[in-house]
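Using full-length UniProt numbering, the first residue of the sequence shown is number 1, and each one after it goes up by one.
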Amino acid sequence: MLADALGRPLRFIVTAGQVGDITQAPALLDGQVGKAMLADKAYDSNALRATIKAMDAEAVIPSNRTRKIIIPHDPIVYKHRNRIERCFNRLKHFRRFATRYERRIIHFTGLIHLATIMIWIG
């Protein structure tokens with residue numbers, strides 16, 4: 001999921017549970033503009049950093065501990081990453097989202113659309 005600076009959801013892609021989130025990051029960032037992109041250590045990859053740099057944005061991603069050369073990040077800007085986590089928590093207030101009762105992706109996607117609309121309105 002992609003969220004804005006205020007922690008409101010912008011885009012999402014539903015994947016299987018075993019799929020890594022980093023595989024969908026370039027598709028979520030396509031066509032977006034911004035000064036910085038915040039993510040956690042799971043998104044630390046050279047390819048994603050290059051995608052963010054091509055957008056003329058700063059990648060605020062802490063280096064994974066397996067990285068040989070540590071890439072510094074701005075810790076002050078990184079503190080705002082909790083807005084993304086709060087966005088997920090707001091979505092989890094909708095019980096059907098948190099437990100995923102829907103078996104079909106189309107139904108679950110519709111539920112996510114409805115939940116994000118309610119977040120943007122309220």
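Where is the CB? At the ideal position from N, CA and C, for every residue including glycine.
Buried or exposed: which applies to residue i, given that a residue is buried once 16 or more other Cβ atoms fall within 10 Å of its Cβ?
i, result
"V33", "exposed"
"D44", "buried"
"P72", "exposed"
I need the DSSP call for residue i, collapsed to helix, strand or coil.
i, result
"A16", "coil"
"residue 123", "Coverage of the chain is limited to positions 1 through 122, which leaves residue 123 absent and any answer about it impossible."
"R11", "strand"
Looking only at C-alpha atoms, which of the options sits nearest to residue i?
i, options, result
"I106", "P9, V14, A5 and L10", "V14"
"I119", "N82, N89 and T66", "N89"
"A57", "R65, R49 and K35", "K35"
"L6", "T23, H80, F12 and A115", "H80"
"K41", "V60, G31 and I76", "V60"
"residue 127", "T23, A27 and T99", "Residue 127 is absent from the model: the chain starts at 1 and stops at 122."
Which value, in whole angstroms, describes the spacing of the CA atoms of residue i and residue j?
i, j, result
"Y101", "A47", "35 Å"
"L29", "I52", "8 Å"
"K68", "Y78", "21 Å"
"L10", "H93", "18 Å"
Indicate, with yes or no, if the ligand GDP has a heavy atom lying under 8 Å from the CB of residue i.
i, result
"N64", "The ligand GDP is absent from the structure shown, which contains no ligands of any kind."
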